[in-house]
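**Student:** Numbering (the numbering used here), first residue to last: 914 to 1298. We put the beta carbon where it would ideally sit given N, CA and C, even for glycine. Owing to the predicted nature of the structure, the values given are computational and were not obtained by experimental measurement. I'd like to ask you about the structure that follows.
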Ligand code: FAD
Ligand code: DHB
């Protein structure tokens, strides 16, 4: 098999890349380890930056998002038993975010790619990437028990944090920057009307909590918990009890629950020969800023433009600058996600000084226009170059 761009992974990075390349008349094949149903149902992120939602709409895959997504113009910060609104629309000149589940974005992209004749191969096994420094890199894999080889001009390494693309780069070619956090998030999806119109990020003496939603009848809620916590030890009643302690919530049937670890991670550079890393394969942010999916989309926006320029003019200038251009945004988003995380969570070794400092920071962020604006412009998404 041959194609122009071989893409490993059908997450937000891989599917948006394939979609954008198609719009520039460039062929790609997407290889995905899981089955289609798994990709389309797996509950993960839910907040789209202004620029991410605009991109989906402008490229023809935002119709259902525009109908079913919830447009939010602010968030609430809760601390010291009171709530303070950050008004994004007023602070950013009318920008906001769209609450629309990641797996719904993926459903829309998969449908659009397949309708346009795009190739997505699900349930591939034993994927490996070869000849990355040569002009024709290859991807080897097994599909339905048959060994196959895909020859391409470029490879998009969009296979997430646990994928094979980043580990295929020789040791020593990458520099890794990493930070662990001493906590995790327990997330639930519940059949319950959200008790607030907007997201609530809560600082609480028992730990951080987040109220989000998917619709007028479905709540998405998160609780800070210990990193080694076993979800089996969290019966529904215990989760509700803990949520009630941290803020006002309406109970309902629990549809899903899980624990997500937290880390900050960056691999530099995001390129090795003709392999380009994008999204979680290159970097991870803690979820507090709602940035993981948005950063993946921002990477492939740069990558698709660079690949299109190569096919248009033969110039590799934009491809050569891919990593440097992405990393400027990646580090700003890392900074924001780390900052939101450190301001809102309870640290195990909390010194009372640090708790007072967090509360002062929250007070400052919600009372100074300059500080609120800093939060708002990062949350709705920094402008593109
Ligand atoms: P992914 O979405 O991980 O996609 C990678 C794809 O590659 C997957 O479909 C995977 O099956 C496939 N793949 C992996 N290895 C191979 C292989 N060897 N061969 C072929 N295919 C392969 N972010 C937030 O902002 N808020 C949240 O609440 C939030 N919750 C999360 C919960 C969980 C459990 C996880 C894991 C992440 C969460 N994130 C959240 C982060 C966000 O979902 C990611 O940043 C986003 O999915 C990144 O997109 P991606 O395309 O880079 O990677
Ligand atoms: C959601 C997830 C986040 O990480 C976040 O910061 C806000 C909302 C969500 O899943 O709705």
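Within 10 angstroms of its Cβ, does residue 1124 collect 16 or more other Cβ (buried), or is it exposed?
**Tutor:** The count along the chain shown starts at 1 and reaches residue 1124 at position 211. When all chains shown are included, residue 1124 counts as buried.
**Student:** Any heavy atom of the ligand FAD inside 7 Å of the beta-carbon of residue 1254?
**Tutor:** Working through the chain shown from its first residue, we reach residue 1254 at position 341. Answer for residue 1254: no, Cβ out of range of the ligand FAD.
**Student:** From residue 1039 to residue 1068, what distance separates their C-alpha atoms?
**Tutor:** By one-based count along the chain shown, residue 1039 stands at place 126. By one-based count along the chain shown, residue 1068 stands at place 155. Those two C-alpha atoms are separated by around 16 Å.
**Student:** Would the region 1001-1013 and the region 971-983 be scored as touching if the rule is three or more Cβ pairs under 8 Å?
**Tutor:** They touch, by the three-pair rule.
**Student:** With DSSP as the reference, label residue 1158 as helix, strand or coil.
**Tutor:** The residue you call residue 1158 lines up with position 245 of the chain shown. Residue state, collapsed to three classes: helix.
**Student:** So, helix, strand or coil for residue 1239, using DSSP?
**Tutor:** Numbered from its first residue, the chain shown carries residue 1239 at position 326. In the structure shown, residue 1239 sits in a helix (DSSP, three-state: H, G or I).
**Student:** Consult DSSP for residue 1066 and reduce its assignment to one of helix, strand or coil.
**Tutor:** Taking the first residue of the chain shown as 1, we reach residue 1066 at position 153. Coil.
**Student:** Going along the chain, which unbroken runs of the beta strand (DSSP E) with 3 or more residues stay wholly within the region 1173-1213?
**Tutor:** If we require 3 residues or more, the beta strand (DSSP E) runs fully inside the region 1173-1213 come out as 1188-1190.
**Student:** In three-state DSSP terms, what is residue 927?
**Tutor:** One-based indexing of the chain shown puts residue 927 at position 14. If DSSP states are grouped into helix, strand and coil, residue 927 belongs with the helices.
**Student:** Could you please give me the residues that DSSP links to residue 1100 through a beta bridge?
**Tutor:** Position 187 of the chain shown, counting from 1, holds the residue named residue 1100. Residue 1100 pairs with 1135, 1171.
**Student:** So what does residue 1278 bridge to, in DSSP terms?
**Tutor:** Numbered from its first residue, the chain shown carries residue 1278 at position 365. Beta-bridge pairing links residue 1278 to no other residue.
**Student:** Is residue 1264 helix, strand or coil when you go by DSSP?
**Tutor:** Counting from 1 along the chain shown, the entry for residue 1264 is found at position 351. Coil, per DSSP.
**Student:** Just list the residues that DSSP pairs residue 1000 with in beta bridges.
**Tutor:** The count along the chain shown starts at 1 and reaches residue 1000 at position 87. Residue 1000 is bridged to 987.
**Student:** Can you list, in chain order, the residues of its chain whose CB lies under 6 Å from that of residue 1139, leaving out five sequence neighbours each side?
**Tutor:** Taking the first residue of the chain shown as 1, we reach residue 1139 at position 226. Within the same chain, residue 1139 has no close Cβ partners at all.
**Student:** Take residue 1005 and list the residues in its own chain whose beta-carbon comes closer than 7 Å to its own, dropping the five residues that flank it on each side.
**Tutor:** The residue given as residue 1005 occupies position 92 in the chain shown. Closer than 7 Å at Cβ, skipping near neighbours: 1289, 1290, 1293.
**Student:** From the DSSP output, which residues share a beta bridge with residue 1256?
**Tutor:** In the chain shown, the residue the question calls residue 1256 occupies position 343. DSSP lists no partner for residue 1256.
**Student:** Using the beta-carbon count (16 or more within 10 Å), is residue 1277 buried or exposed?
**Tutor:** For this step, residue 1277 is matched to residue 364 along the chain shown. Exposed, because fewer than 16 other Cβ atoms sit within 10 Å of the Cβ of residue 1277.
**Student:** Taking only three categories from DSSP, how would you classify residue 939?
**Tutor:** Here residue 939 refers to the residue found at position 26 of the chain shown. Three-state result, residue 939: coil.
**Student:** Buried or exposed, going by whether 16 or more other CB atoms sit within 10 Å of the CB of residue 1042?
**Tutor:** Reading the chain shown from its first residue, position 129 is the one you call residue 1042. Buried, because 16 or more other Cβ atoms sit within 10 Å of the Cβ of residue 1042.
**Student:** CA-CA distance, residue 970 and residue 986?
**Tutor:** Within the chain shown, residue 970 is the residue found at index 57, counting from 1. Within the chain shown, residue 986 is the residue found at index 73, counting from 1. Computed Cα separation, rounded: 18 Å.
**Student:** Would you call the CB atoms of residue 1095 and residue 1261 closer than 8 Å?
**Tutor:** Within the chain shown, residue 1095 is the residue found at index 182, counting from 1. Within the chain shown, residue 1261 is the residue found at index 348, counting from 1. In this structure, residue 1261 lies closer than 8 Å to residue 1095 by Cβ.
**Student:** For residue 1101 versus residue 989, is the C-beta distance shorter than 8 Å?
**Tutor:** Looking up residue 1101 in the chain shown gives position 188. Looking up residue 989 in the chain shown gives position 76. Result no, Cβ atoms of residue 1101 and residue 989 do not sit closer than 8 Å.
**Student:** Indicate, with yes or no, if the ligand DHB has a heavy atom lying under 7 Å from the CB of residue 1125.
**Tutor:** Here the question's residue 1125 lines up with position 212 in the chain shown. Indeed, a heavy atom of the ligand DHB lies less than 7 Å from the Cβ.
**Student:** What does the Cβ neighbour count give for residue 1225, buried or exposed, with the cut at 16 atoms within 10 Å?
**Tutor:** What you label residue 1225 is simply residue 312 of the chain shown in a count that begins at 1. So residue 1225 counts as exposed.
**Student:** Can you say whether residue 1189 is buried or exposed, counting buried as having 16 or more other CB atoms within 10 angstroms of its CB?
**Tutor:** Locating residue 1189 in the chain shown gives position 276, counting from the first residue. With 16 or more other Cβ atoms within 10 Å, it is buried.
**Student:** Look at the alpha carbon of residue 964 and the alpha carbon of residue 1207, and state the distance between them as a whole number of angstroms.
**Tutor:** Counted from its first residue, the chain shown places residue 964 at position 51. Counted from its first residue, the chain shown places residue 1207 at position 294. So the alpha carbons of these two residues sit roughly 9 Å apart.
**Student:** Spatial neighbours of residue 935 within its chain, please: C-beta separation below 8 Å, excluding the five flanking residues on both sides.
**Tutor:** The residue given as residue 935 occupies position 22 in the chain shown. Excluding positions up to five away in sequence, the list reads 941, 1026, 1029, 1031.
**Student:** Does the distance from the C-beta atom of residue 1242 to that of residue 1211 stay below 8 Å?
**Tutor:** Taking the first residue of the chain shown as position 1, residue 1242 is located at position 329. Taking the first residue of the chain shown as position 1, residue 1211 is located at position 298. In contact: residue 1242 and residue 1211 (Cβ atoms closer than 8 Å).
**Student:** Figure out for me which residue from 1052, 1171, 1020, 1024 has the closest Cα to the Cα of residue 1141.
**Tutor:** Counted from its first residue, the chain shown places residue 1141 at position 228. Measuring from the Cα of residue 1141, the nearest candidate turns out to be 1171.
**Student:** Output the distance between the C-alpha atoms of residue 1046 and residue 1230, rounded to the nearest integer angstrom.
**Tutor:** The residue labelled residue 1046 in the question sits at position 133 within the chain shown. The residue labelled residue 1230 in the question sits at position 317 within the chain shown. When rounded, the distance between both Cα atoms is 17 Å.
**Student:** Which residues in the same chain as residue 1091 place their Cβ atom closer than 6 Å to its Cβ, once the five residues preceding and following it in sequence are excluded?
**Tutor:** Counting from 1 along the chain shown, the entry for residue 1091 is found at position 178. Here the set comprises 1178.
**Student:** What's the C-alpha gap between residue 1147 and residue 1160?
**Tutor:** Against the chain shown, residue 1147 aligns to sequence position 234. Against the chain shown, residue 1160 aligns to sequence position 247. Distance between the alpha carbons of residue 1147 and residue 1160: 18 Å.
**Student:** Taking buried to mean at least 16 other C-beta atoms within 10 Å of its own C-beta, is residue 1163 buried or exposed?
**Tutor:** For the purposes of this step, residue 1163 is taken as the residue at position 250 of the chain shown. Per the 10 Å Cβ criterion, exposed.
**Student:** CA-CA distance, residue 1259 and residue 1157?
**Tutor:** Along the chain shown, one-based indexing puts residue 1259 at 346. Along the chain shown, one-based indexing puts residue 1157 at 244. The straight-line gap from Cα to Cα measures roughly 17 Å.
**Student:** Tell me, please, which residues DSSP counts as bridged to residue 1297.
**Tutor:** Reading the chain shown from its first residue, position 384 is the one you call residue 1297. Paired residue(s): none; residue 1297 is not in a bridge.
**Student:** Pop quiz: residue 907 and residue 959 are said to be a contact at Cβ under 8 Å. What is the actual Cβ separation, rounded to whole angstroms?
**Tutor:** For residue 907 there is no data in the structure shown, the boundaries of the chain being 914 and 1298.
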